Structures are given as structure tokens and as C-alpha cells.
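Q: Shown below is the structure under consideration.
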Amino acid sequence: MMKQLYFVRHGLSEMNKQGIFSSRSDTPLAPEGREQAVKAGQQLRNKKIDLIVASPLQRAHDTAKIIAAELGIDPSQIVLNDLFVERDFGSIEGTTYSPHAIIDGAPGAEHSKDVIARAQKGLEWLQARPENAILLVSHGAIGRALKHLVDPESKPYHKQARFENAAPERLL
Numbered sequence: 001m002m003k004q005l006y007f008v009r010h011g012l013s014e015m016n017k018q019g020i021f022s023s024r025s026d027t028p029l030a031p032e033g034r035e036q037a038v039k040a041g042q043q044l045r046n047k048k049i050d051l052i053v054a055s056p057l058q059r060a061h062d063t064a065k066i067i068a069a070e071l072g073i074d075p076s077q078i079v080l081n082d083l084f085v086e087r088d089f090g091s092i093e094g095t096t097y098s099p100h101a102i103i104d105g106a107p108g109a110e111h112s113k114d115v116i117a118r119a120q121k122g123l124e125w126l127q128a129r130p131e132n133a134i135l136l137v138s139h140g141a142i143g144r145a146l147k148h149l150v151d152p153e154s155k156p157y158h159k160q161a162r163f164e165n166a167a168p169e170r171l172l
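Here the sequence shown stands for residues 1 to 172, where the numbers follow my numbering.
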């Protein structure tokens, strides 16, 4: 049986709110991000989620915990996996956000092909799990990479639409 994979990008973080690039910075959720996570949990209530997996970064883990509470899942059962951390933005980290910023080639930045390769390993890890319906709470770059991997007809990674904060989407 084909697994069901739901994806949620973390709720709005304090650095998102300030319009600052944040990849590996462990920025907390903004109050609005907590509210978004509650709404995401409510939207997922009619799904039979067997497992929640999250990036270990605080904004994703906290979003996952809030969603788990809405779904009646013990937050201690959330599985954290480093394969799902945000793309490393290198020297762009902490600078003002620009939709035209080019991350590939920035000093210290993780190349998009490496993000896709890491997402592929993560997808294989998820597929090997015994659970059927999995919710992954992660980051925008991981979501775009996964969407690119699971749907060959979709746009290339760089042309994928941005994932909105805490907006559940079924990928598989």
C-alpha cells in the first residue's frame, strides 16, 4: 500500500516575521506561528496520522508539538530527523530576505543538488517506516525538494512555489 505523506512547513518564526533569512539559526516561533500550528492541527484532524516526524530545529519541532496536541498524539512520540533540517544558507544567513537571492554559490551555502539528495535520503527513510500515514514538519527547501522528487511532472526545485507557513499539503 502506498504511504500517505503530509507535509507542513513550520509556523511563522521570529526571523521569518522580521524578513530575515534563517536556515540553521534556531529561531523560535512567533505568536502568529503558534496560532498557525493550531490551525494546521485542526485541518489535519480528519486524517489518520500514524507518525509525526520533524526537523530538530526549534521552529519545526514546536510546530509539530502543537499539531500533535491538536491530534491527540503524545508529543514525546515525535521522531526528530536531521535529514529534514533547513537548507544551510551559508553567508546569506541572517541577512534581509530577498526573493531574488541566489543561494547556490553563496559562501558556505548548501547547494540545491545536495538539498535534493538529502531529501531523497529522507524520503527513502520515510518509505522504510512501518507507518502508513506520516506527517513531516520541516522547512521550505525540504518541502520543495520533496515535491520535486515525488512528482516527476512538477516544476524543478528552483521553480517550485514556496510553501506557506503551517499550511498542510499532501505529497503522497
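Backbone N, C-alpha and C define an ideal beta-carbon position, used for all residues, glycine too.
Quick caveat: nothing in here was measured; it's all calculated off a predicted structure.
(1) For D82 and R34, I'd like the C-alpha separation in whole angstroms.
(2) Going by the CB atoms, is the gap between L149 and V53 shorter than 8 Å?
(3) On the criterion of 16 or more Cβ atoms from any shown chain inside 10 Å, does S98 qualify as buried, or is it exposed?
(4) Among the candidates I142, A167, R24, whose CA atom is the shortest distance from the CA of Y157?
(5) Entirely within the stretch 41-101 and at least 4 residues each: give me those alpha helix (DSSP H) ranges in chain order.
(6) Can you tell me where the alpha helix (DSSP H) holding R118 begins and where it ends?
(7) What are the start and end residues of the beta strand (DSSP E) that includes A133?
(8) At the level of alpha carbons, what is the spacing between V115 and I20?
(9) Mind checking which residues open and close the beta strand (DSSP E) that includes R9?
(10) Kindly give me the distance between the Cβ atoms of P12 and D62, rounded to whole angstroms, as I take these residues to be in contact under 8 Å.
(11) How long is the line joining the alpha carbons of I134 and L44, rounded to whole angstroms?
(12) Leaving out five residues on either side along the sequence, give the residues of the same chain with a beta carbon under 6 Å from the beta carbon of F84.
A: This is what the structure gives:
(1) For the purposes of this step, residue 82 is identified with residue 82 of the sequence shown, where counting begins at 1. For the purposes of this step, residue 34 is identified with residue 34 of the sequence shown, where counting begins at 1. Approximately 22 Å between the Cα atoms of the pair.
(2) Residue 53 sits at position 53 when you count from the first residue of the sequence shown. Residue 149 sits at position 149 when you count from the first residue of the sequence shown. No, these two residues do not count as a Cβ contact at 8 Å.
(3) As a first step, residue 98 is located in the sequence shown; it is residue number 98 there, counting from the start. Classification for S98: exposed.
(4) Working through the sequence shown from its first residue, we reach residue 157 at position 157. Just measuring C-alpha positions, the residue of I142, A167, R24 sitting nearest Y157 is I142.
(5) 58-71
(6) In the sequence shown, residue 118 corresponds to position 118, counting from 1. Element bounds for R118: 112-128.
(7) As a first step, residue 133 must be located in the sequence shown, where it is residue number 133. Residues 133-138.
(8) Within the sequence shown, numbered from 1, the residue matching residue 115 stands at position 115. Within the sequence shown, numbered from 1, the residue matching residue 20 stands at position 20. Their backbone Cα atoms lie some 20 Å apart in a straight line.
(9) The sequence position of residue 9 within the sequence shown is 9, counting from 1. 4-9 is the span of the beta strand (DSSP E), which, as asked, contains R9.
(10) Looking up residue 12 in the sequence shown gives position 12. Looking up residue 62 in the sequence shown gives position 62. The question names Pro, yet the displayed sequence has Leu at residue 12. Taking 8 Å as the upper bound for CB-CB distance, L12 and D62 are not in contact here, some 11 Å apart.
(11) In the sequence shown, the residue the question calls residue 134 occupies position 134. In the sequence shown, the residue the question calls residue 44 occupies position 44. A straight-line Cα-Cα distance of about 11 Å links I134 and L44.
(12) Residue numbering aside, residue 84 sits at position 84 when the sequence shown is read from its first letter. Result list for F84: S55, G122, S138, I142, in chain order.
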